[in-house]
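Asker: Let me give you the structure first, and then I'll get to my questions.
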Amino acid sequence: MDTHTVTINAAFLREIKDDDVQLKTLLEQARAICDSSALADISASRFTKLLADLRDHLAMHFALEEAYGYFDDPLSVAPHLSEQAESLRTQHGQLYGELARLAETAQDISRRDSDPRAIRNLARCFMEFHDRLQQHEEDENELIMEALYVDIGGSG
Ligand SMILES: [Fe+2]
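This note's numbering applies: residue 238 is where the sequence shown begins, and numbers increase by one.
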């Protein structure tokens, strides 16, 4: 009998998201650089620093979410919520790994000759990562809404 169930504490998870202004700021800065013609003027070392800051901050953000927003529940209440929660929690490690690799690539580029083509390519990869992270955040927000709805007595 499978009693392993992952669930969320919707109120805490929402609070962690609402309070994390810095994550939004860092993401916005990185996106602004990648999105615009500013990329031509940006130094590889500045982009490298930004990606490293974002990586470190994302590690903290995910750690907080996992410590307070997610928990393993011995009782299965709503299986579809649990599956979704488990899948979203697993994405943390994947997203972090992806960003860590991008930050490492940025460091390599800035250590060598800061080839503009390599920077453009990195920016494109970052935007793909950014979209996946946004999707993750949206899915978590949806899960929060769904869990709150179940809590106040909806049919689920
Ligand atoms: Fe998350």
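Cβ atoms here follow ideal geometry from the backbone N, Cα and C, with glycine treated the same way.
1. Whole-angstrom Cβ separation of residue 318 and residue 384, contact assumed at under 8 Å?
2. Could you give the distance in angstroms between the alpha-carbon of residue 283 and the alpha-carbon of residue 307?
3. Straight-line CA distance for residue 298 to residue 375?
4. Express the C-alpha separation of residue 279 and residue 373 in angstroms, rounding to a whole number.
5. Measure from the alpha carbon of residue 290 to the alpha carbon of each residue in 304, 331, 315 and 343, then state which is nearest.
6. Where does residue 245 sit, in a helix, a strand or coil, going by DSSP?
7. Among 316, 315 and 329, which one has its Cα closest to the Cα of residue 304?
8. Measure the beta-carbon distance from residue 381 to residue 250 and round it to whole angstroms, keeping in mind my assumption that it falls under 8 Å.
9. Report whether the distance from the Cβ of residue 331 to the nearest heavy atom of ligand 2 is below 8 Å.
10. Excluding five sequence neighbours on each side, which residues of the same chain lie with their C-beta closer than 7 Å to the C-beta of residue 268?
11. Using the Cα positions of residue 310 and residue 243, report the straight-line distance between them to the nearest angstrom.
12. Can you tell which of 335, 360 and 334 has the C-alpha that lies nearest to the C-alpha of residue 346?
13. For a test of the three-state rule: what should DSSP assign to residue 257, helix, strand or coil?
14. I need the DSSP call for residue 310, collapsed to helix, strand or coil.
Answerer: Reading from the atomic positions:
1. About 6 Å separates the beta carbons of residue 318 and residue 384, which is inside the 8 Å limit, making them a contact pair.
2. Going from the Cα of residue 283 to the Cα of residue 307 covers about 34 Å.
3. It is roughly 15 Å from the alpha-carbon of residue 298 to the alpha-carbon of residue 375.
4. About 28 Å.
5. 343
6. strand
7. For residue 304, the closest of 316, 315 and 329 by C-alpha to C-alpha distance is 329.
8. Going by Cβ atoms, the distance from residue 381 to residue 250 rounds to 6 Å, so yes, they are a contact pair.
9. Because ligand 2 does not appear in the structure shown, any question about it cannot be addressed here, the ligands present being ligand 1.
10. 367
11. 6 Å
12. Nearest of 335, 360 and 334 to residue 346, Cα basis: 360.
13. coil
14. strand
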